[in-house]
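Numbering (the UniProt record's numbering), first residue to last: 1 to 324. Yeah, the Cβ is synthetic: ideal placement off N, Cα and C, and Gly gets one too. As the structure is a prediction and not an experimental result, all values here were calculated from the model.
Below, the structure is given as structure tokens:
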């Protein structure tokens with residue numbers, strides 16, 4: 001508006017001096033034409049900027065019209081990637097194993113069959129890692145979109161990244177590791193057997209994998225699950241369902257435990273771990289970065305310890321076989 005006022009004043013001044021003669025009148029006429037063209041260009045630019053602002057405002061405010069295709073497309077794409085990564089390859093490889101087993105048994109090639117079986121096992125292990133990455137990325141994107149649609153802070157109200165929060169997340173892993181060690185030392189056999197059996201299964205899957213691959217999967221798992229269960233689910237239960245803080249903590253932790261259905265005892269252990277992650281989220285001022293660091297670092301340490309123990313056991317067994 002200030003620009004328009006100045007241009008209008010200058011134009012009026014030119015009109016008042018239009019009775020001047022000679023060269024002064026020609027200069028005033030050319031100045032009037034220049035200012036008029038400048039006013040016209042300014043008005044056109046203003047209208048274009050206004051139209052762009054209106055379009056951007058509609059994009060931000062009309063969530064129902066713009067958000068639904070984005071949400072459905074992201075969830076559908078994540079599900080498609082997950083389905084592409086998991087099932088078909090394993091069934092095809094199993095059929096190849098059965099066919100090759102029949103052929104090799106007819107010709108007596110057991111060594112070739114063992115080599116083929118080891119190759120298929122390695123490819124299955126690669127597909128397991130890929131499936132885990134795709135699933136966790138899809139889970140994290142779903143949590144982000146659900147939080148955004150609900151009008152909640154995507155990463156929590158107090159989200160910030162600093163060296164202090166990194167150290168806070170790393171040191172918060174120590175009580176969780178102590179809890180796992182205590183479970184192994186307690187006389188409750190079902191908890192002890194469940195924890196050891198789960199660690200062995202996970203370690204056998206990830207034993208041939210490198211530490212870099214395991215670290216990448218743990219980072220994706222920690223970030224995705226904390227966004228889904230803490231930043232979205234816990235905050236949604238508090239803000240939208242109007243539960244109290246203890247009720248939201250318990251309910252979100254139980255859902256987190258049910259998300260790990262290895263065994264009933266493992267669901268209980270995962271629920272307790274989820275309650276600890278929710279506690280960290282609350283104490284840190286709703287900063288999802290702290291429990292995500294704790295979750296990722298805990299998974300990495302547990303997997304590396306399990307891999308080390310399993311490789312050591314296999315080494316002892318091989319040494320005994322050589323001595324025998």
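Apart from the 5 residues on each side of it in sequence, residue 240 has no Cβ closer than 6 Å to any other Cβ in its chain. The Cβ neighbour count for residue 225, taken over all protein chains shown within 10 Å, is at least 16; the residue is labelled buried.
Classified as exposed, residue 283 has fewer than 16 neighbouring CB atoms from the shown chains inside 10 Å of its CB.
Residue state for residue 311 is assigned as helix, using DSSP reduced to three classes.
Taking the C-beta atoms as reference points, residue 250 is found no nearer than 9 Å to residue 191.
In the structure shown, residue 295 falls within a helical segment according to DSSP collapsed to helix, strand and coil. For residue 279, the secondary structure class from DSSP, reduced to helix, strand or coil, is helix. In the structure shown, residue 161 adopts coil according to DSSP, grouped into three states.
Shown here, residue 288 sits in coil according to DSSP, grouped into three states, outside any helix or strand. Residues of the same chain with a CB within less than 7 Å of the CB of residue 150, apart from the 5 flanking positions on each side, are 236, 240 in chain order.
Taking C-beta atoms under 8 Å as the contact rule, residue 280 and residue 294 qualify, at a distance of about 6 Å. The continuous alpha helix (DSSP H) containing residue 179 extends over residues 173–185.
One alpha carbon belongs to residue 159, the other to residue 258, and they sit about 27 Å apart. The beta carbon of residue 228 is closer than 6 Å to those of 139, 143 in its chain, skipping five residues each way along the sequence. Counting C-beta atoms within 10 angstroms of its own C-beta, residue 230 has 16 or more neighbours from the protein chains shown and is therefore classed as buried.
Under the 10 Å beta carbon count, residue 178 is surrounded by fewer than 16 other beta carbons and is classified as exposed. Measuring C-alpha to C-alpha distances from residue 267 to each of 194, 286, 304, 157 identifies 194 as the nearest. Its chain contains 132, 136, 295, 296, 299 as the residues whose beta carbon lies nearer than 8 Å to that of residue 221, once the 5 sequence neighbours on both sides are disregarded; these appear in chain order. In this structure, the CA atom of residue 217 is about 11 Å from the CA atom of residue 128. For residue 244 and residue 238, the gap between their C-alpha atoms comes out near 6 Å. Pairing residue 184 with residue 196, the inter-Cα distance amounts to about 8 Å. Excluding residues up to 5 positions away in sequence, 202, 203, 206, 214, 218 lie with their Cβ nearer than 8 Å to the Cβ of residue 303 in the same chain. Counted as a single uninterrupted DSSP element, the alpha helix (DSSP H) harbouring residue 224 occupies residues 211–226. Residue 155 is a Cβ neighbour of residue 289, given a cutoff of 9 Å. When 145, 305, 130, 254 are compared, the shortest CA-CA separation from residue 277 is found for 254. Residue 182 is classed as exposed because its beta carbon has fewer than 16 other beta carbons within 10 Å across all chains shown.
Secondary structure of residue 150 (DSSP, three-state): coil. The alpha carbon of residue 180 has as its nearest neighbour, out of 272, 166, 242, 312, the alpha carbon of 272. Of 291, 312, 313, the smallest CA-CA separation from residue 166 is found for 291.
Excluding its 5 nearest sequence neighbours in each direction, residue 161 has C-beta neighbours in its own chain below 6 Å: 289, listed in chain order. Counting every other CB atom within 10 Å of its CB across the protein chains shown gives residue 252 a total of 16 or more, marking it as buried. Leaving aside the five residues that flank residue 175 on each side, the residues in its chain whose CB is nearer than 8 Å to its CB run, in chain order, 276.
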